[in-house]
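Below is one structure, written out as structure tokens, with a few remarks after it.
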Amino acid sequence: MRLSPFNPRTSELCEPYNWSLWQNWLLADMYAPDHIQEYYAIRSACGVFDMSPIPKYHIHGPDAVRYLDRIVTQDVSRCAVGQVLYTAWCDDEGKIMDDGILFRLGEESFRLTTGDPWLFWLEDNTANLNVVIEDVTDLGTLALQGPFSRDLLKTLSKADLDNLRYFHMIEAELAGIPVEISRTGYTGDLGYEIWVQPHQAVPLWDAIFEAGQDYSLVPFGDYALEMARIEAGLLLIDADFYSSKRVVHDFEKSSPLELGIGWAVKMNKDYFIGQKALKAELARGLAWETVGLEIDLNSLEAVYAEFGMPLYLPYEAWMEAVPVYSDGQQIGKATSGTWSPVLKKYIAIARLRPQFTSPGTRVNMEVTIDAQRKQTQATVVKMPFFNPSRKTSLGKV
Amino acid sequence: MSEKNKKYDVIIVGGGHNGLVAAGYLAKAGQSVLVLEKRDMLGGATITEEFVPGFKFSSLANDAGSLSPEVATDLKLHNHGFNIIPTNPLINSLLPDGNHLRIWQDTEKTVEEIAKFSKADAEAYPKFVERMQKVSGIVAKMNEIVPPDLPDLAFFDIKELSALLSPSLNLGWRHIAQVIRLLPMSVSDLLNEWFESDTVKGAIAASAILNTTFGPQEINSTAYTFLQNWSVSNTGLFRSSGQVKGGVGALSEALAKSAQSFGATIMTGAAVAKINISADSVRGVILASGEEILAKAVISATDMRTTFLKLVDPYYLEAKFIKHVKNIKYQGTMARVHLALERLPTFSGMDGDVSEYLSGHIQVSPSVEYIQRASDRIKYGEYSEKPYLDMQIPTLADPSLAPDGKHILSVTVKYMPYKLRDGNWDDLREEIGKLVIDTLSEYAPDLRECVQEQKIITPLEMESVYALPEGSPVHGDMALNQFLWMRPMPGHAQYRGPFEGLYMCSVATHPGCGVTGISGRNAARQLLGDQ
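Here you go:
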């Protein structure tokens, strides 16, 4: 088991001792006795998530662009220095292996963050190109997310954060500590990710929390993050899809097109692993499409009423596949869902047959009460469910 | 060069024996063919070189007794100077007590010889030969076929796999069952079922390990390599025999002349830098000089790693294809030592006309355990100080190979791992020579005085000079997971590469094994069949 460089602080703050493991790193599920407070910090103040365990790779060398263009689905050659891309990568059959964030640090220098560890794959596929791949997971990373996050950072840094655009990054100093700040996150809100050398992690934490006193800053754990990322319509490995490298059966695999991230697949670039298969899939037509579901609360309430129970809503996100039906026929599955406190809606991410994916389509989702299978009505909607303008807007100048 | 604007039907990259065989078959079928060889001489590992003036050494391969007779006939090699001088005995096994065990081509003569060591083994030998001839007959059929393309072997592929055996069905299920039983066995276990004498087993077992990394007691198909060598042998026994007149390179010359007689063009000193692929199909090659030569098809007669990680730009290859290429185990474990001799040395326990005893293969393999111990060291990146030696004195059958009265002794030394834990082969070159002479001096005490000059080919030079990566003479070990439909890799056993118009014909493809010419012939047939 490995510990984040912020562990001296997070271990003191994690009151309920609610930890889980992420790639063998210790990760707090929640800090407060109730994670809903942490969720509200993300949406109405600001919160800090210690995302240091996320696998990170430094990819550099004269052929770094051409190399990455072969590996990932995005067009890396069109990514400017200081720009950040969301991307997926596939196997030869065009099935998704993972998704992640690619940061262009320099002309020949990139950082890739991933869900699973991928060093073997990255090294196996250099195709003789002049490129070096290093695991830099030890780098400390904090996600500072929420409407106050920019104002907070501005108190610690002279950097031009007002003009730092969404999915871009800069080098800066926070309280005198050299960091990289990227305007990225997994919450779908205004937010930043801060990258720091491990030996300066604790001083950075302390500086942020000291400044954070004026901004109701709290640390948040995985439970709050899950609710936020579902609202933002962001996918999670091992929940909304499985890595094709880790499953046995073809039906467990999915393509990025089926997952609704086709916008991050640049089909017309020279070559990438899986391109041929994805072109064929497009020509053939997709077997699945990914959409949002809004569960009809009156219908759900009626289901509970059958059992003499009041309406129950999931205040913790769930991530087990649930069948979705139309006219009694199964047409797909919901893969993650949560009560959205900010929207006052029960929402879910679902993968359905394409003929049922137009917004407004009425479907039924399975609900299990006392091990009895019931169905509630739901409506197909577009994702993201929650998309505030502050997520992408510039600061006040 | 005048080839500038010409577009060939087929370019063959590499002028080793399989490349030349493919050239012959294709030119004979009316294709315009260009063979490009990097070195100044043709033949690859089937080559004769004059390392010492007046002495013609068979640098690597030392006999052509496993060449497919069908290939020789189809390409009319006998019209182009290809002749095999028969040699007998098949094997003279040198023993530490000055004794010798000789395996003759004639079974009765061998029985008499074995009886000196074990009466029971003498009785068993004819039955052993009869049974193994039947079993290796099945392997011979499997050698000839084009294996099925099975990228992801599944249960229902059993039907496809059974095609491997269908040509053998008339040879009897009992023998087919034997092949299946023997496949994963060690040759040691196989011989233990038949013989008791360590001397007899040592002499016979050695032929199993010629093209593999494994020792004779290891459970990775040495029984199968034993049968495979048997199946391609021209003697009806476990080892091929006979000497190509003029040295083994005369085979390559005959193949070249044959291909040219059918209209093929052959260029030496023409290194290919790139096999040019565009829009998923082959368009020709680019020479090291920068010149592009166009072709409708390209056959690579080089190994898989060279072909797909160097000549072809791997950028456009599927990830799993590259993985397969990288995972091919080469693991060469041999070196060659050539001695130019002033005169024949005197072997202990041998008087009179020694040419009667020494014109075939001469082995230092006194027991299976001796060979196994020689192989054990390679696991730790060390070479054996008591090596297994396989030798020929080719001048006994063909005096024209050396100046009057002088002789050649060519030695294959095993086990010499390509990857050394300490040191490197450039520094250890002289050690190999010393080791061979020291070892042989125990059997021929005056050898040292007879040596005029020596030429050593290290595992490293097998790679750098003869284009055998990691010094593997067969472009990838003959191992259980690199046979049949898995050779050179699953899904590409039918000589076709991953791009249209790209083919593979080197010994890396099925059946592998040695100088058979079968890969070159099969690849040429596939190409013609695709048109």
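Protein chains in written order, with this note's numbering: chain A, 147 to 543; chain B, 337 to 867. All residues carry an ideal CB built from backbone N, CA and C; glycine is no exception.
Of the choices the options, whose alpha-carbon is the least far from that of residue i?
{"i": "A/Thr484", "options": "A/Gly474, A/Tyr458, A/Gly478, A/Gln475", "result": "A/Tyr458"}
{"i": "A/Phe502", "options": "A/Met511, A/Leu173, A/Ser472", "result": "A/Ser472"}
{"i": "B/Phe453", "options": "B/Pro702, B/Gly717, B/Gly833", "result": "B/Pro702"}
{"i": "A/Thr156", "options": "A/Leu172, A/Met147, A/Leu167, A/Trp168", "result": "A/Leu172"}
{"i": "B/Thr731", "options": "B/Tyr706, B/Lys722, B/Val580", "result": "B/Val580"}
{"i": "B/Gly853", "options": "B/Ser504, B/Ala358, B/Gly351, B/Asp345", "result": "B/Ala358"}
{"i": "A/Lys520", "options": "A/Asp360, A/Glu319, A/Glu435, A/Phe453", "result": "A/Phe453"}
{"i": "A/His345", "options": "A/Ile247, A/Leu285, A/Gly431", "result": "A/Leu285"}
{"i": "A/Glu239", "options": "A/Phe418, A/Trp409, A/Gly541, A/Trp341", "result": "A/Phe418"}
{"i": "B/Asn354", "options": "B/Val584, B/Ala860, B/Thr558", "result": "B/Ala860"}
{"i": "A/Ala410", "options": "A/Phe266, A/Glu398, A/Gly322, A/Tyr232", "result": "A/Tyr232"}
{"i": "B/Leu864", "options": "B/Arg832, B/Ala844, B/His846, B/Val608", "result": "B/Arg832"}
{"i": "A/Val488", "options": "A/Val325, A/Tyr185, A/Pro151, A/Tyr163", "result": "A/Tyr185"}
Residue i CB to nearest chain A CB: under 8 Å?
{"i": "B/Leu645", "result": "yes"}
{"i": "B/Ile664", "result": "no"}
{"i": "B/Ile658", "result": "yes"}
{"i": "B/Ala615", "result": "no"}
{"i": "B/Tyr719", "result": "no"}
{"i": "B/Ala655", "result": "yes"}
{"i": "B/Met337", "result": "Residue placement at B/Met337 is poorly supported in this model, since its pLDDT is 45, which falls under 50; the coordinates still yield a value, given next. So no, B/Met337 is outside the interface."}
{"i": "B/Pro650", "result": "yes"}
Quick check: is the beta carbon of residue i nearer than 8 Å to any beta carbon in chain B?
{"i": "A/Ile407", "result": "no"}
{"i": "A/Arg392", "result": "no"}
{"i": "A/Ser157", "result": "no"}
Taking residue i and residue j to be in contact with their CB atoms under 8 Å, please state how far apart those CB atoms are, rounded to whole angstroms.
{"i": "A/Gly337", "j": "A/Ile495", "result": "Rounded, the Cβ-Cβ distance is 20 Å, inconsistent with contact."}
{"i": "A/Thr481", "j": "A/Ala385", "result": "6 Å"}
{"i": "B/Val851", "j": "B/Ser402", "result": "6 Å"}
{"i": "A/Ala374", "j": "A/Leu439", "result": "Not really, about 18 Å apart at Cβ, beyond 8 Å."}
{"i": "B/Arg575", "j": "B/Ser543", "result": "4 Å"}
{"i": "A/Gln291", "j": "A/Ile188", "result": "5 Å"}
{"i": "B/Leu303", "j": "A/Asn274", "result": "The first residue shown for chain B is 337 and the last is 867, placing residue 303 of chain B beyond what the model contains."}
{"i": "B/Asp485", "j": "B/Lys665", "result": "Wrong, their Cβ atoms sit about 21 Å apart, outside the cutoff."}
{"i": "A/Gly193", "j": "A/Val394", "result": "So it is not a contact: roughly 38 Å between Cβ atoms."}
{"i": "B/His846", "j": "B/Pro483", "result": "5 Å"}
Kindly examine the ligand GTP and report whether one of its heavy atoms sits closer than 7 Å to the Cβ of residue i.
{"i": "B/Asn556", "result": "Absence of the ligand GTP is noted for the structure shown, with no ligands found whatsoever."}
### Message
Give me the subset of the stretch 259-279 of chain A whose CB atoms are less than 7 Å from a CB atom of chain B, sorted by chain position.
### Response
Asp270, Asn271, Ala273, Asn274
### Query
For the stretch 408-436 of chain A, which residues have a beta carbon sitting closer than 7 Å to at least one beta carbon of chain B?
Tyr417, Ile419
### Query
For the stretch 218-238 of chain A, which residues have a CB atom closer than 8 Å to at least one CB atom of chain B, in sequence order?
Asp237, Asp238
### Message
At a CB distance below 8 Å, what residues from the stretch 193-218 of chain A approach chain B? Give them in sequence order.
### Response
Arg212, Arg216
### Message
So, does the stretch 671-686 of chain B touch the stretch 810-819 of chain B, judging by three or more C-beta pairs under 8 Å?
### Response
no
### Query
Do the stretch 709-724 of chain B and the stretch 634-652 of chain B meet, that is, are 3 or more Cβ pairs less than 8 Å apart?
no
### Task
Determine contact between the stretch 821-837 of chain B and the stretch 633-647 of chain B, defined as no fewer than three beta-carbon pairs at a distance below 8 Å.
yes
### Query
Given 8 Å as the limit, is there contact between the stretch 308-324 of chain A and the stretch 163-179 of chain A, that is, 3 or more CB pairs closer than that?
no
### Task
Please determine if the stretch 409-417 of chain B and the stretch 425-434 of chain B are in contact, where contact requires at least 3 C-beta pairs separated by less than 8 Å.
no
### Query
So, do the stretch 458-477 of chain B and the stretch 557-575 of chain B have three or more beta carbon pairs nearer to each other than 8 Å?
yes
### Task
Tell me, please, whether the stretch 247-261 of chain A touches the stretch 198-206 of chain A by the rule of three or more beta-carbon pairs shorter than 8 Å.
yes
### Query
At a cut of 8 Å, does the stretch 391-411 of chain A reach the stretch 424-437 of chain A through at least three beta carbon pairs?
yes
### Message
With three or more beta-carbon pairs closer than 8 Å as the criterion, would you say the stretch 756-775 of chain B touches the stretch 716-723 of chain B?
### Response
yes
### Message
Contact between the stretch 386-394 of chain B and the stretch 740-753 of chain B is defined here as three or more beta-carbon pairs at a separation below 8 Å; is this criterion met?
### Response
yes
### Query
Does the pairing of the stretch 371-389 of chain B with the stretch 602-609 of chain B give three or more beta-carbon distances under 8 Å?
yes
### Query
Counting pairs of beta carbons, one from the stretch 523-541 of chain B and one from the stretch 783-799 of chain B, are three or more of them closer than 8 Å?
no
### Task
Would you check if the stretch 776-792 of chain B and the stretch 668-678 of chain B touch, i.e. whether three or more CB-CB distances between them fall below 8 Å?
yes
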